[in-house]
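Add 46 to the 1-based position in the sequence shown for the working numbering, that's all there is to it. Input: a single structure, listed below in structure tokens.
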Amino acid sequence: MNRRRILALIGTAIASLVLTISLPTLAPSPVVAQSNTNLLVSAAASLKDALEEIKLLYQQSQPNVNISYNFGASGALQQQIEQGAPADIFVSAGKKQVDALEQKGLLLAGTRTILAKNRLVLVVPKSSVGVTSFYNLKDSKIKKIAIGEPRSVPAGQYGEQVLQKLKLLPQVKSKLVYANNVRQVLAAVESGNADAGLVYITDAKISDKVKVVVAADEKYHSAIVYPLAVLKGSKNAAAAKDFAQYLTSTQAKGVLQKFGFILP
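See the structure below:
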């Protein structure tokens, strides 16, 4: 009997030990804490500096989440996603691009929100003189005006709307030089390859080679908003949702404001 009781006690102890060891592996661990979780964020080029800084802050608490960015024109990024290019999160500089993806059922339900807002401004090289308003774009000394390609670059779409409202477009159309994204517009003005350009205030703030002439009246163009959403095709949806939520956190909002973005 004693021998049987001893064997039974040993068996119970072993079973308890096995159960104790197994429990941690049975309990689900947070997705964002898993090693080698990779996220790809397709985002408007104008967000580059702010999102790079936000990424560093996020990875302080989530070091195992590797975030890569694909920056470009919102329209081009939209087309890439529609054609099946991998991405977990999309942040556009315009509502139209996210609307298109939503209509095609490519967004994860309940994840769409507005990240920030912006202002459109007219900029000229730092050394430029004599340009004080949009109407100076008609002047003969203004040879080239850089603007985003309106069909794919929201800043170009907003810029064209402003020129139309001010009845300037027919007079300056021959001067327009189209760029693939808003940062290329900024670079053209910085280098002197363009005498003026239409960019966001956030782009102008990061450059010491251009100066702001005037901000466009917001009634002359569509609202400049940055919608974001997690994509239905994400292979790491839980981690993507976590980062998307962080982008709207108090800490992330502080970074966006620092770079000149307007909170929604």
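We put the CB at the ideal spot given by N, CA and C, even for glycine.
Backbone secondary structure at residue i - three-state DSSP
i, result
"Ile188", "coil"
"Gly300", "helix"
"Lys141", "helix"
"Phe117", "strand"
"Thr83", "strand"
"Lys281", "coil"
"Lys172", "coil"
"Ala225", "strand"
"Lys255", "coil"
"Tyr132", "According to the sequence shown, residue 132 is Pro rather than Tyr. Reduced to three states, the DSSP call for Pro132 is coil."
"Ser294", "Sequence inspection shows Thr at residue 294; the Ser mentioned does not correspond to that position. Thr294 falls in the coil class under three-state DSSP."
"Ala269", "coil"
"Leu274", "strand"
"Thr159", "strand"
CA nearest to the CA of residue i, picked from the options
i, options, result
"Val271", "Lys141, Pro109, Val87 and Ile100", "Lys141"
"Glu148", "Asn226, Lys287, Gly306 and Leu274", "Leu274"
"Asn110", "Ala89, Leu85, Glu128 and Gly118", "Leu85"
"Glu206", "Val177, Gly243 and Ser237", "Gly243"
"Ala250", "Ala225, Asp263, Leu214 and Val169", "Val169"
"Asp185", "Gln217, Leu154 and Leu209", "Gln217"
"Lys281", "Asp134, Gln125 and Ser107", "Asp134"
"Ser174", "Thr159, Lys219, Ser237 and Leu152", "Ser237"
"Ala91", "Gly156, Tyr246 and Phe180", "Tyr246"
"Ala285", "Phe136, Lys94 and Gln108", "Gln108"
"Gln129", "Ala89, Leu152 and Phe117", "Leu152"
"Arg158", "Gln125, Thr178, Ala96 and Val137", "Val137"
"Tyr204", "Ala139, Gly156 and Leu123", "Ala139"
"Leu93", "Lys278, Ile252 and Gly279", "Ile252"
Residue i to residue j span [Cα, whole Å]
i, j, result
"Ala192", "Ala131", "29 Å"
"Ile100", "Gln291", "12 Å"
"Val276", "Asn226", "24 Å"
"Leu215", "Ile127", "32 Å"
"Val87", "Leu209", "32 Å"
"Asn82", "Lys255", "40 Å"
"Ala269", "Thr248", "16 Å"
"Lys213", "Ser179", "14 Å"
Residues near residue i in its chain [Cβ-Cβ closer than 8 Å; skip 5 each side]
i, result
"Glu98", "Tyr115"
"Leu309", "Ala162, Lys163, Lys299, Leu302 and Gln303"
Residue i vs residue j beta-carbon contact at 8 Å
i, j, result
"Val199", "Ala119", "yes"
"Ala201", "Val228", "yes"
"Gln297", "Leu103", "yes"
"Ala289", "Ile113", "The displayed chain sequence assigns Phe, not Ala, to residue 289. In contact: Phe289 and Ile113 (Cβ atoms closer than 8 Å)."
"Phe305", "Ala96", "yes"
"Val259", "Val177", "yes"
Spatial neighbours of residue i in its chain, beta-carbon cut-off 7 Å, leaving aside the 5 residues before and after
i, result
"Gly121", "Gln143, Arg197, Ser198 and Val199"
"Lys189", "Lys221 and Asp241"
"Lys211", "Tyr266"
"Leu293", "Ile100, Leu161 and Leu274"
Beta-carbon proximity list for residue i, same chain, < 6 Å, skipping 5 on both sides
i, result
"Ala262", "Leu166 and Val208"
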